[in-house]
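Trainee: First the structure, then my questions, so here it is.
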Amino acid sequence: MSNSNYYIELEEEYGAHNYHPLDVVIEKGEGVWVYDVDGNKYLDCLSAYSALNQGHNHPKIKEAMINQLDRLTLTSRAFRNDKLGLFYKKLSDMTGYEMSLPMNSGAEAVETAIKVARKWAYVTKKIPRYKAEIIVAEGNFHGRTTTIISFTTTEEYKYDFGPFTPGFPVVEYGSIEAIKAAINENTAAIMLEPLQGENGIILPPDGYLKAVAEICKENNILLIADEIQTGLGRTGALFASHHENVRPDITVIGKALSGGFYPVSAVLADKDILGLIQPGEHGSTFGGNPLAAAVGIAALEVIEEEHLIENAQKMGEYILEYLEEIPKKNIMDIRGKGLLIGVELKHELGG
């Protein structure tokens with residue numbers, strides 16, 4: 228029996244079967260390479276769904292984490308710590324947003340963005356209380372919490388998990404007319420992925436996000452961009468929304484915000500939006516902890532210092548050109564932006 232089989236049997240016996248992973252048991256990662264328990268070496272083309280934009284086991288992020296582990300890991304937000312303010316400032320300096328609200332997982336950050344948008348809707352836009360709606364798109368993936376699966380269009384994510392949360396009209400992704408038709412006096416926000424990742428690397432028509440942003444401005448609606456998978460350099464821009472010179476009112480980030488070392492996410496917005504949240508209205512025991520802040524600062528510095536955004540654009544163009552030269556016998560489509568690329572195989576091959 229191989230070493231892999233031993234670990235696979237342990238997972239199957241004692242773990243909930245909420246995933247069906249490939250039967251490759253990874254024990255080590257370095258840069259773009261991973262190694263399994265049987266001594267095989269693989270090029271990691273998945274990059275933990277963009278959580279590893281900086282590569283596996285990046286030395287600078289690891290050093291920052293080790294240094295902070297020796298000092299302080301958690302206080303809860305009942306106290307201040309000497310890293311959180313620095314993290315806030317780094318996020319603002321790098322992204323241009325005035326404020327941030329740190330959480331842990333991407334789904335938590337999306338849930339937070341929903342709460343923030345609703346708060347703005349009732350306090351600023353004066354939508355009747357508990358009537359606010361947030362328009363979302365078909366094929367969306369924003370997480371698997373109970374509110375978020377309420378508006379998924381992937382049946383396996385929601386089957387047998389109801390009842391669901393109302394207030395999320397679903398429209399065709401890429402259709403401006405569908406968005407216009409869904410807007411009413413209770414529309415608080417439109418939440419989109421600038422490029423759909425989980426749905427199969429789906430790029431909307433050129434100009435789509437810019438047109439949505441203009442519609443939002445005309446109708447006093449917030450634009451929320453879920454950049455958890457597309458952000459922090461993956462598509463050859465800091466945020467995928469930047470490809471169309473769009474600055475969403477709220478941007479949600481995670482994954483590569485820690486370089487794969489620790490769960491770190493955040494909601495970004497200006498003070499007229501995030502400043503509405505008052506003490507006690509939202510929180511997290513671990514959100515904004517000093518270890519997460521130290522890791523987050525280092526992860527952002529690596530993106531800047533190693534020019535990962537420019538590299539993603541350059542290497543993405545190279546890889547797309549290379550993939551286009553492959554015979555199309557078994558390939559239906561190749562699409563992507565930067566280093567977020569999908570190769571769709573024909574259905575008979577599992578595509």
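The numbering of the sequence shown is this note's numbering, which starts it at 228 and goes up by one.
Cβ coordinates follow ideal geometry from the N, Cα and C atoms, glycine included.
With Leu518 as the anchor, note down where its beta strand (DSSP E) starts and where it stops.
Mentor: Start at 1 with the first residue of the sequence shown, and residue 518 comes out as number 291. Leu518 -> not in any beta strand (DSSP E); alpha helix (DSSP H) instead, spanning 517-532.
Trainee: Hey, out of Pro355, Lys437, Gly515, Ile442, whose CA is closest to Ile410's CA?
Mentor: Taking the sequence shown and counting its residues from 1, the one referred to as residue 410 is at position 183. Among Pro355, Lys437, Gly515, Ile442, the Cα nearest to that of Ile410 belongs to Ile442.
Trainee: Kindly provide the ranges of any beta strand (DSSP E) runs that are 3 or more residues long and lie completely inside the stretch 273-308, ordered along the chain.
Mentor: With a minimum length of 3 residues, no continuous beta strand (DSSP E) run stays inside the stretch 273-308.
Trainee: Please list the terminal residues of the continuous beta strand (DSSP E) segment that includes Glu257.
Mentor: One-based indexing of the sequence shown puts residue 257 at position 30. Note, Glu257: beta strand (DSSP E), 253-257.
Trainee: Specify the secondary structure class of Asp263 as computed by DSSP and reduced to three states.
Mentor: By one-based count along the sequence shown, residue 263 stands at place 36. Residue state, collapsed to three classes: strand.
Trainee: Do Leu311 and Ala520 have their beta-carbon atoms positioned less than 8 Å apart in this structure?
Mentor: The count along the sequence shown starts at 1 and reaches residue 520 at position 293. The count along the sequence shown starts at 1 and reaches residue 311 at position 84. Cβ distance < 8 Å, so Ala520 and Leu311 count as in contact.
Trainee: Should Leu484 go down as buried or exposed, given a rule of 16 or more other Cβ atoms within 10 Å for buried?
Mentor: Within the sequence shown, numbered from 1, the residue matching residue 484 stands at position 257. So Leu484 counts as buried.
Trainee: Per DSSP, which residues does Ile417 bridge with? Please list them.
Mentor: Stepping through the sequence shown from its first residue, residue 417 is reached at position 190. Per DSSP, Ile362, Leu450.
Trainee: In terms of DSSP beta bridges, what is Ile480 paired with?
Mentor: Walking along the sequence shown from the start, residue 480 turns up at place 253. DSSP output for Ile480 lists Ala493 as bridge partner(s).
Trainee: Do three or more CB pairs link the stretch 548-558 to the stretch 357-368 at distances below 8 Å?
Mentor: No, the stretch 548-558 is not in contact with the stretch 357-368.
Trainee: Cβ of Gly514 within 7 Å of any heavy atom in the ligand NAD?
Mentor: What this structure holds is no ligand at all, so the ligand NAD is not there to describe.
Trainee: Taking 6 Å as the limit between beta carbons, can you name the residues of its chain near Ile253, skipping five residues before and five after?
Mentor: Working through the sequence shown from its first residue, we reach residue 253 at position 26. Excluding positions up to five away in sequence, the list reads Val261, Asp263.
Trainee: For Lys444, count the other beta carbons within 10 Å of its own beta carbon; 16 or more makes it buried, fewer makes it exposed. Which is it?
Mentor: Taking the sequence shown and counting its residues from 1, one reaches residue 444 at position 217. When all chains shown are included, Lys444 counts as exposed.
Trainee: Which value, in whole angstroms, describes the spacing of the CA atoms of Leu459 and Leu299?
Mentor: Locating residue 459 in the sequence shown gives position 232, where the first residue counts as 1. Locating residue 299 in the sequence shown gives position 72, where the first residue counts as 1. Taking the straight line joining both Cα atoms gives about 27 Å.
Trainee: Check whether the stretch 312-326 and the stretch 494-511 are in contact - that is, three or more C-beta pairs closer than 8 Å.
Mentor: These segments touch.
Trainee: Should His286 go down as buried or exposed, given a rule of 16 or more other Cβ atoms within 10 Å for buried?
Mentor: For this step, residue 286 is matched to residue 59 along the sequence shown. One point to set straight first is that residue 286 is Pro, not His, in the sequence displayed. Burial call: exposed.
Trainee: Skipping 5 residues on each side, what residues in its chain have a beta carbon closer than 6 Å to that of Gln423?
Mentor: Position 196 of the sequence shown, counted from the start, is the residue given in the question as residue 423. If we look at Gln423 and ignore the five residues flanking it on each side, its Cβ neighbours are Gly366, Ile429.
Trainee: Under 8 Å: do the stretch 347-360 and the stretch 504-517 share three or more Cβ pairs, one atom per stretch?
Mentor: With a cut-off of 8 Å, the stretch 504-517 and the stretch 347-360 do not count as touching, because too few Cβ pairs lie within range.
Trainee: Could you tell me whether the Cβ atoms of Leu450 and Pro421 are closer together than 8 Å?
Mentor: Stepping through the sequence shown from its first residue, residue 450 is reached at position 223. Stepping through the sequence shown from its first residue, residue 421 is reached at position 194. Not in contact: Leu450 and Pro421 (Cβ atoms no closer than 8 Å).
Trainee: Can you tell me where the alpha helix (DSSP H) with Lys268 in it begins and where it stops?
Mentor: Position 41 of the sequence shown, counting from 1, holds the residue named residue 268. Here Lys268 belongs to no alpha helix (DSSP H); instead the beta strand (DSSP E) covers 268-270.
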